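To keep things clear, I will list the structure first and then write my remarks on it.
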Amino acid sequence: MRPLIGGSVKKIDRRREVKNERQEKARQERWIIEKEKHGFFFIRMLRKDGMKYLIFDIDDTLIPSTKFYAEAMQEIGVDPEDKAYLDGRLETKKDLPEGYPSSRNRVIYFKKMLELKGEYTPQRHYQLVSGYEKALSYRVKHFWESNRRSEIIMELKKQFKRVILLSNETTRMQLLKWQAMDPEGELFDGLITSEEVGIEKPHFKMFQKALQYLGNVPAEESVMVGDSFEHDIVPALDLGFSVIHTKEFKPTALRSESQRYQQIFHLEDLKKIIR
Ligand SMILES: [Mg+2]
Numbered sequence: 029m030r031p032l033i034g035g036s037v038k039k040i041d042r043r044r045e046v047k048n049e050r051q052e053k054a055r056q057e058r059w060i061i062e063k064e065k066h067g068f069f070f071i072r073m074l075r076k077d078g079m080k081y082l083i084f085d086i087d088d089t090l091i092p093s094t095k096f097y098a099e100a101m102q103e104i105g106v107d108p109e110d111k112a113y114l115d116g117r118l119e120t121k122k123d124l125p126e127g128y129p130s131s132r133n134r135v136i137y138f139k140k141m142l143e144l145k146g147e148y149t150p151q152r153h154y155q156l157v158s159g160y161e162k163a164l165s166y167r168v169k170h171f172w173e174s175n176r177r178s179e180i181i182m183e184l185k186k187q188f189k190r191v192i193l194l195s196n197e198t199t200r201m202q203l204l205k206w207q208a209m210d211p212e213g214e215l216f217d218g219l220i221t222s223e224e225v226g227i228e229k230p231h232f233k234m235f236q237k238a239l240q241y242l243g244n245v246p247a248e249e250s251v252m253v254g255d256s257f258e259h260d261i262v263p264a265l266d267l268g269f270s271v272i273h274t275k276e277f278k279p280t281a282l283r284s285e286s287q288r289y290q291q292i293f294h295l296e297d298l299k300k301i302i303r
């Protein structure tokens, strides 16, 4: 009978998967319709009580990653506007399914860039990767320390049971940033990357994984802080999280007229909202 039991478990798993995919598709379709009709929907005011878990996006939320990526590349002699680099990036993304985490992997971009230039050697590739990581790590560490970000997170931490990181990136890249911000793991209680989930935000699986990681807690007890409407704000609202949109590193981003979520202009502003 064993194979039968195994088979039926698989069938149930598959059915659950199909149901999840259907819900995700319906959710995405609903966004598009609602977004066109009303801007964003389902947004609620941030509740000040009953929130136990704080979830941060990393890039352009906690640190100005977009700026640092460009600077780190320049430091290793790669122009982010270089044609071979852009073509390598495009080719990487074209080869992979949408939302697939490796499509953000600069290790692959550098490889393809060197191949396109006819300059590929394993040593040159490795030099670019390790030089880039070193330059990036230095910037994150310097920014974090000189802006006293640890003190802000420590203060916030007193209000929550747990504080975690939820990010669309490879685990190695986000580990690099986390160790630069918080080498002893005193600030954040964990990291979840799209690489380990297998799909990127805005997919609901990322947010569900975060809730599961926190101990199967309800979204209603959790606050999501992020910079991206598409990847952080809209899906988290839709799933019932309280949501804070940060414009710290993207001050030109849309100003919200909505009462359904809050915006901040500096990480420190969180202390005023969450008390
Ligand atoms: Mg971000």
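Counting in my numbering, the sequence shown runs without a single skipped number right up to 303 at its last residue.
Cβ coordinates follow ideal geometry from the N, Cα and C atoms, glycine included.
Just so we're clear, the structure is a prediction, and the values are computed from it rather than from any experiment.
Quiz item: Using the C-alpha atoms, what's the distance from E119 back to L194?
Solution: Locating residue 194 in the sequence shown gives position 166, where the first residue counts as 1. Locating residue 119 in the sequence shown gives position 91, where the first residue counts as 1. Separation of L194 and E119 (C-alpha to C-alpha, rounded to the nearest whole angstrom) is 27 Å.
Practice problem: Entirely within the segment 175-237 and at least 3 residues each: give me those beta strand (DSSP E) ranges in chain order. | Solution: 190-195 and 219-221
Self-check item: Which of helix, strand or coil DSSP assigns to H66
Solution: Within the sequence shown, numbered from 1, the residue matching residue 66 stands at position 38. Interpretation of H66 is limited by its pLDDT of 42, a score under 50 that renders its predicted location unreliable; no figure is taken from the coordinates.
Exercise. Select from I136, M201, Y289 and P129 the residue whose C-alpha is nearest the C-alpha of D115.
Key: One-based indexing of the sequence shown puts residue 115 at position 87. For D115, the nearest C-alpha among the options comes from I136.
Exercise. Look at the alpha carbon of K169 and the alpha carbon of T89, and state the distance between them as a whole number of angstroms.
Key: Counting from 1 along the sequence shown, the entry for residue 169 is found at position 141. Counting from 1 along the sequence shown, the entry for residue 89 is found at position 61. In a straight line, the C-alpha of K169 is about 15 Å away from that of T89.
Exercise. Please list, following the chain, all residues that have a C-beta closer than 6 Å to any non-hydrogen atom of ligand 1.
Key: D85, D87, D88, T89, G254, D255 and S256
Quiz item: Quick one: Cα of F257 to Cα of P263, how far?
Solution: Taking the first residue of the sequence shown as 1, we reach residue 257 at position 229. Taking the first residue of the sequence shown as 1, we reach residue 263 at position 235. If I take the Cα positions, the gap works out to 8 Å.
Quiz item: Once you ignore the five residues that flank A13 on each side, which residues in its own chain have a CB closer than 6 Å to its CB?
Solution: Only positions 29 to 303 of the chain appear in this structure, which leaves residue 13 out of reach.
Quiz item: Grouping DSSP H, G and I as helix and E and B as strand, with all else coil, what is I104?
Solution: Counting from 1 along the sequence shown, the entry for residue 104 is found at position 76. Three-state DSSP puts I104 in coil, outside helix and strand.
Quiz prompt | Closest residue to L267 among K278, P246, E276 and F277 (Cα-Cα distance) | solution = For the purposes of this step, residue 267 is identified with residue 239 of the sequence shown, where counting begins at 1. Answer by Cα proximity: P246.
Practice problem: Select from F232, S270, K275 and F277 the residue whose C-alpha is nearest the C-alpha of E45. | Solution: As a working note, residue 45 is residue 17 in the sequence shown. Of the candidates F232, S270, K275 and F277, the one whose C-alpha sits nearest the C-alpha of E45 is F232.
Self-check item: Cβ-based burial, F293 [other Cβ within 10 Å; buried from 16]
Solution: Your numbering for residue 293 matches position 265 in the sequence shown. Classification for F293: exposed.
Practice problem: Taking only the alpha-carbon atoms, compute the straight-line gap between S86 and L203 and give it to the nearest angstrom. | Solution: Taking the first residue of the sequence shown as position 1, residue 86 is located at position 58. Taking the first residue of the sequence shown as position 1, residue 203 is located at position 175. Contrary to the premise, residue 86 reads as Ile rather than Ser in this sequence. Straight-line measurement puts the Cα of L203 at about 11 Å from the Cα of I86.
Practice problem: Consult DSSP for V135 and reduce its assignment to one of helix, strand or coil. | Solution: As a first step, residue 135 is located in the sequence shown; it is residue number 107 there, counting from the start. Correct three-state label for V135: helix.
Practice problem: Provide the residue span of the beta strand (DSSP E) that contains V271, from first to last. | Solution: Looking up residue 271 in the sequence shown gives position 243. For V271, the enclosing beta strand (DSSP E) stretches over residues S270 to T274.
Quiz prompt | Residues near R75 in its chain [Cβ-Cβ closer than 7 Å; skip 5 each side] | solution = Here residue 75 refers to the residue found at position 47 when the sequence shown is read from its first residue. For R75, the pLDDT reaches just 48, beneath the cut-off of 50, and the residue's location in the model is therefore unreliable, although a value from the coordinates is still provided. S270.
Quiz prompt | C-beta contact flag for I272 and L239 at 9 Å | solution = Sequence index remark: in the sequence shown, residue 272 carries index 244 (1-based). Sequence index remark: in the sequence shown, residue 239 carries index 211 (1-based). Going by C-beta atoms, I272 is not nearer than 9 Å to L239.
Quiz item: Are S174 and M209 touching if we call contact CB-CB under 9 Å?
Solution: Here residue 174 refers to the residue found at position 146 of the sequence shown. Here residue 209 refers to the residue found at position 181 of the sequence shown. No, these two residues do not count as a Cβ contact at 9 Å.
Quiz item: In terms of DSSP beta bridges, what is M252 paired with?
Solution: Walking along the sequence shown from the start, residue 252 turns up at place 224. According to DSSP, which records beta bridges pairwise, M252 is partnered with I83 and V271.
Quiz item: Closest to L295 by CA distance: which of F96, M182 and Y148 is it?
Solution: Locating residue 295 in the sequence shown gives position 267, counting from the first residue. Checked all of F96, M182 and Y148; the closest Cα to L295 is M182.
Quiz prompt | Spatial distance of R132 from E126 (CA atoms) | solution = Along the sequence shown, one-based indexing puts residue 132 at 104. Along the sequence shown, one-based indexing puts residue 126 at 98. Taking the straight line joining both Cα atoms gives about 11 Å.
Quiz item: Pick from Y166, L219 and T198: whose alpha carbon is nearest that of R190?
Solution: Residue mapping note: residue 190 aligns to position 162 of the sequence shown, counting from 1. Nearest option by C-alpha distance: L219.
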